[in-house]
Amino acid sequence: MLYIGSTNDLRARLKLHNNGRVSSTRKRIPFEVVYYEAYKSEKDARIREHNLKLRSNALRQLKQRIKLSLA
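Numbering-wise (numbering that gives the first Met the number 0), the sequence shown opens with residue 0 and increments by one.
Below, the structure written as structure tokens:
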């Protein structure tokens, strides 16, 4: 399962999800970070998040990159 989201505090966000405090992900815990991207600009981060959520090619490429790096 791949979770796509943006935050300015990854550790705090992961803790919220893993503690079951986010209703949309509660049934899929625990989560573990295997990949993340960091951006200086919040605008750039939101654009990337939008592209991953709405453009299947971007998401497909990311999944392939993660799969290869974990092999």
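Glycine residues also receive a C-beta, built at the ideal position from the N, C-alpha and C atoms.
Considering only the alpha carbon of each residue, which of the options lies closest to residue i?
| i | options | result |
| --- | --- | --- |
| R25 | L13, V32, Y35 | L13 |
Verify whether the separation of the beta carbon atoms of residue i and residue j is less than 8 Å.
| i | j | result |
| --- | --- | --- |
| L1 | K62 | yes |
| F30 | N18 | no |
| S69 | I3 | In the sequence as presented, Ser is not what sits at residue 69; that position holds Leu. Not closer than 8 Å, so no. |
Helix, strand or coil, according to DSSP, for residue i in the structure here?
| i | result |
| --- | --- |
| L67 | helix |
| L51 | helix |
| R10 | helix |
| E36 | coil |
| N18 | coil |
| L61 | helix |
Going along the chain, which residues of its own chain have a beta-carbon closer than 8 Å to the beta-carbon of residue i, five neighbours each way excluded?
| i | result |
| --- | --- |
| V32 | L9, L13 |
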